[in-house]
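2 protein chains.
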Amino acid sequence: MKIDPANPADLSAQIAAAIRDAIVAGKLIVGDRLPSEAELADQFEVSRSTVREALKRLAAQSLIRTQRGAHGGAFINRLSYEDAHAQQITTSTLLLGMNDVSFDTACEARFAMERACAALAAERRSPDHLATMRAEIHRQGQPGLTDEAFCASDVAFHRALVDAAGNPVLSYQLAGAVEAMQPLMNMITFTARSRGAIVALHTRIADAAEAGDGPAIATALQELENHTRQLAQSVFAARARPAPQGS
Amino acid sequence: MKIDPANPADLSAQIAAAIRDAIVAGKLIVGDRLPSEAELADQFEVSRSTVREALKRLAAQSLIRTQRGAHGGAFINRLSYEDAHAQQITTSTLLLGMNDVSFDTACEARFAMERACAALAAERRSPDHLATMRAEIHRQGQPGLTDEAFCASDVAFHRALVDAAGNPVLSYQLAGAVEAMQPLMNMITFTARSRGAIVALHTRIADAAEAGDGPAIATALQELENHTRQLAQSVFAARARPAPQGS
DNA sequence: GATTTTCATTTGTCAGACATTTAAAAACCT
DNA sequence: AGGTTTTTAAATGTCTGACAAATGAAAATC
């Protein structure tokens, strides 16, 4: 594990990359303890501050965790689904927010992926998942719900559908995509009429899941996608009318 | 933007979180320049080293980029698809590698997601995508190809299929899932016979894409998933036989 | 007016110091 | 001997002060 002092890139970035590569390559495995900061500074022939900056970079990616005290140090961290999930949501949200991704593009991607678990969800849904879906549908029908709360419940419903597929890898990937959409969805105003349509479609999805009918879930999701995109289009059109030349 | 000095957590982690939240909330937008390290140290009432460690954490997530010199500093970075993609691959690869995710689970998730772009790919594939797919199929048929090279070509083929869906968000999400599988796929030995079967299925996929037949792509992908899982099962069974009680 | 030099600003790196945490080792007291 | 307290060593967390290197703007020069 060496670094190139002639490289113009930051030394701390090089050191972080070297250690990260060792982890990805399996040379350092979960639970292993890195040498102390002082020892690493000696090995790489840099100061302790530089080593520390490198370790902070790795900590930011949940690759290591540090412990203070006599037998403390930096340990290779087991990347949990939870950590990975949180990172993915941050990344996806920023990606969508910073790159002017159109609502249509994000919506299309999200529903395409969600339809991918329709068959598995129909096959494996547990009573727990069904109960969660029913509960969220009930909440969505209550009057006086703010748009934000409606959106949050929508996310919870779809999250339950995804989890019903019973594949943690799929859940991790999809939850990121679904939750990253939330800031975009929050821009929409849901009228009572469109809420009714959404609740009806959610009910169809829950019924189909209960009946184990995968294709019916997929069809309902397709209709939900169409409805959502139309709704967004009309909302954005109405919003653009007062200021057509708006930046 | 404040931090709590009584919080037992690292000050640098708190500062990083405060700035990250401001970015996610849109209070800091792409291109904005953060105050200089010295000014941040004054604002947060910590030393410059602590501020630097916080900034390195953000840099590790591609949230900021730094520039040296008179009018340099830390700037809010536009998260590119490329950066997000690279991060996702690292995260997914480690997640799969560290959590003993079974080959079946990962495989199921990957193909489920990939089938999600079958319809879109059939509709939008460009001659470029078809050419890439054909080229990779041709490479996969050549004798003397190592297993690693075969796997790499397999990834390139599926990458082209995903890109053919013409949705950058979908590409970003799926590419991570597909490429994260590569280390698991590399554990498999591909016999000449199974390579032939895979190439035949790839050809069917390319033909269906050319014909604009989405369902046919999905069917072929399903068969490819079945074949891959059977192959993995037999390989792992053969490997387990010499040491059935192996840890 | 164009070129060169100077200069101020900012990040990158280093060295040394002290505070804090932690677990093991040592000392101490039944 | 056994249990409790104290000490100690090792490690990370933070601070201070310094210098190097890069970079763009301003000043000086031709």
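These protein sequence lines are chains A and B, in that order.
Per our numbering, residue 2 is the first one in the first sequence, and the count goes up by one each step.
Per our numbering, residue 2 is the first one in the second sequence, and the count goes up by one each step.
Virtual Cβ for every residue (Gly too), placed ideally from N, Cα, C.
Beta-carbon neighbours of residue i, restricted to chain B and to distances below 7 Å
i, result
"A:K57", "S13, E54, K57 and R58"
"A:T220", "Chain B residues near A:T220: none, gap ~13 Å exceeds 7 Å."
"A:V170", "V102, T106, A107 and A110"
Chain A residues whose Cβ lies nearer than 8 Å to that of residue i
i, result
"B:L80", "T92, L95, L96, M99 and N100"
"B:L41", "Result: empty, since nearest Cβ-Cβ is about 15 Å, beyond 8 Å."
Under 7 Å by beta carbon: chain A residues contacting residue i
i, result
"B:S50", "S50"
"B:Q174", "A110, M114, Q174 and A178"
"B:A161", "By Cβ distance, chain A contributes nothing, its closest Cβ being about 17 Å from B:A161, past 7 Å."
"B:A85", "T92 and L96"
Sub-7 Å separation of residue i and residue j beta-carbons
i, j, result
"B:T67", "B:A181", "no"
"A:V99", "B:V236", "First, the amino acid is wrong: residue 99 of chain A is Met here, not Val. No, they are not a contact pair."
"B:A161", "B:H86", "no"
"B:I218", "B:A71", "no"
"B:L64", "B:I90", "no"
"B:A110", "A:L171", "yes"
"A:I138", "A:V200", "yes"
"B:G167", "B:R135", "no"
"B:C108", "B:T229", "yes"
"B:K57", "A:K57", "yes"
"A:Q174", "A:V156", "no"
"A:E38", "A:V52", "yes"
"B:Q141", "B:S154", "yes"
"B:S48", "B:A55", "no"
"A:L80", "B:L96", "yes"
"A:M114", "B:M188", "no"
"A:T106", "B:Q88", "no"
8 Å contact criterion, which residue i and residue j should meet: CB distance rounded
i, j, result
"A:R116", "A:L185", "A:R116 to A:L185, Cβ: 19 Å. No contact."
"B:A61", "A:A17", "7 Å"
"A:L232", "A:S195", "5 Å"
"B:P169", "B:Y82", "6 Å"
"A:L1", "A:R34", "It is not possible to answer for residue 1 of chain A, since the shown part of chain A is limited to 2 through 248."
"B:S209", "B:A165", "For the record, residue 209 of chain B in the displayed sequence is Ala; it is not Ser. Between B:A165 and B:A209 the Cβ distance is about 11 Å, and since that is not below 8 Å, they are no contact."
"A:D148", "A:F191", "6 Å"
"B:S50", "A:S127", "About 51 Å separates the two Cβ atoms, so there is no contact after all."
"A:L131", "A:A207", "6 Å"
"B:I77", "B:L29", "5 Å"
Where the alpha helix (DSSP H) containing residue i begins and where it ends
i, result
"B:G98", "Y82 to M99"
"A:G177", "P169 to A181"
"A:G142", "P128 to G142"
"B:G197", "A193 to A212"
"B:R69", "From DSSP, B:R69 is part of no alpha helix (DSSP H); its letter is neither H nor E."
"B:K3", "It is not in any alpha helix (DSSP H) - B:K3 carries neither H nor E in the DSSP assignment."
"A:D11", "Element bounds for A:D11: n/a, residue is neither H nor E."
"B:S154", "D148 to D164"
"B:V52", "R49 to A61"
"B:L41", "E38 to F45"
"B:L121", "A119 to R125"
"B:R34", "Careful: B:R34 lies outside any alpha helix (DSSP H) and carries neither H nor E."
"B:M114", "F104 to R116"
Under 8 Å from the C-beta of residue i: neighbouring residues of chain B
i, result
"A:Q89", "Q89 and T92"
"A:A17", "A61"
Start-to-end residues for the beta strand (DSSP E) that takes in residue i
i, result
"A:I77", "G74 to I77"
Contact test: residue i Cβ vs the ligand GDP heavy atom, cutoff 6 Å
i, result
"A:L29", "Although the ligand GDP was asked about, the structure shown includes no ligands whatsoever."
Scan the stretch 111 to 123 of chain B for residues whose Cβ lies nearer than 7 Å to a Cβ of chain A and list them as they occur along the chain. A113, M114, R116, A117, C118 and L121
Chain-ordered residues of the stretch 21 to 38 of chain A with a beta carbon less than 9 Å from chain B: R21, I24, V25, G27, I30 and V31
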